[in-house]
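In what follows, a single structure is set out as structure tokens and then discussed.
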Amino acid sequence: MTPRHYSFASTWRIPAPQGATFDAVADLEHYALWWPQVRHVVGIDDDTARVAVRSLLPYTLHLTLHRTRVDARAGHLLAEIAGDLDGWASWRLHTDGGETLLRYSQEVVTTEPWMNAAGIVLSPVFRLNHAVMMRDGADGLTRHLMS
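Heads up: the sequence shown begins at 321 in our numbering, then just goes up one per residue.
In structure tokens:
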């Protein structure tokens with residue numbers, strides 16, 4: 321079955337300085353501390369982590385995230401994604417008033433045969449699953465940085 325392509329975009333407004341916000345999203349190994357759907361993280365090296373992610377649907381995605389660009393000054397973080405999804409994710413941050421505006425972009429294809437087949441019908445459900453994960457990530461990051 322042909323892999324299904326997904327493009328995701330999300331914008332978060334975080335009431336915290338850009339530096340602290342960037343540090344949190346760049347720290348792959350500690351995502352599980354603030355992002356509820358990130359169930360487990362194992363650091364492999366300074367730029368790579370294995371991550372288990374589960375949102376609303378009854379399945380867990382197993383991913384390897386590898387940071388390929390970390391530029392705090394420019395407010396840009398880029399990571400390759402491999403595993404149940406293949407592709408990339410990007411964070412772009414900038415200060416907006418006293419807050420940090422994060423723009424998240426992700427381009428991935430599914431690699432699991434069942435996801436490729438089910439995506440024909442379940443694509444809207446997969447997108448909803450992702451939207452819930454992103455909403456909860458923004459809320460979790462805000463709580464983490466405000467504590």
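All C-beta atoms, glycine included, are put in the ideal place defined by N, C-alpha and C.
C-alpha gap between residue i and residue j, whole angstroms
i: V441; j: G363; result: 35 Å
i: A344; j: Y351; result: 8 Å
i: H382; j: I401; result: 10 Å
i: S330; j: S425; result: 7 Å
i: V428; j: F328; result: 9 Å
i: L448; j: L377; result: 10 Å
i: G418; j: A336; result: 7 Å
i: D347; j: D416; result: 22 Å
i: R374; j: R359; result: 7 Å
i: R463; j: G407; result: 29 Å
i: A394; j: S443; result: 34 Å
i: T388; j: H396; result: 11 Å
Proximity of residue i and residue j at Cβ, strictly below 8 Å
i: L422; j: W434; result: no
i: A372; j: T380; result: yes
Three-state secondary structure assigned by DSSP to residue i
i: Q357; result: coil
i: Y379; result: coil
i: T322; result: coil
i: D416; result: strand
i: A346; result: helix
i: S467; result: coil
Proximal residues to residue i (C-beta, below 7 Å), its chain only, five neighbours per side dropped
i: N436; result: M321, T322, P323, R324, T430
i: E264; result: With the chain covering only 321 through 467, there is no way to say anything about residue 264.
i: H386; result: D367, T368, A399, E400
Same chain, Cβ closer than 6 Å to residue i, five either side skipped, listed in chain order
i: F446; result: none
i: V452; result: S375, L376
Residues near residue i by beta carbon distance below 8 Å, same chain, minus five either side
i: T341; result: I334, L413, T420, L422, L461, L465
i: E432; result: D404
Opposing strand residues paired with residue i [DSSP bridges]
i: I334; result: T420
i: T368; result: D365, H386
i: H396; result: D391, R412
i: G403; result: L383
i: S327; result: E427
i: V373; result: V358, L381
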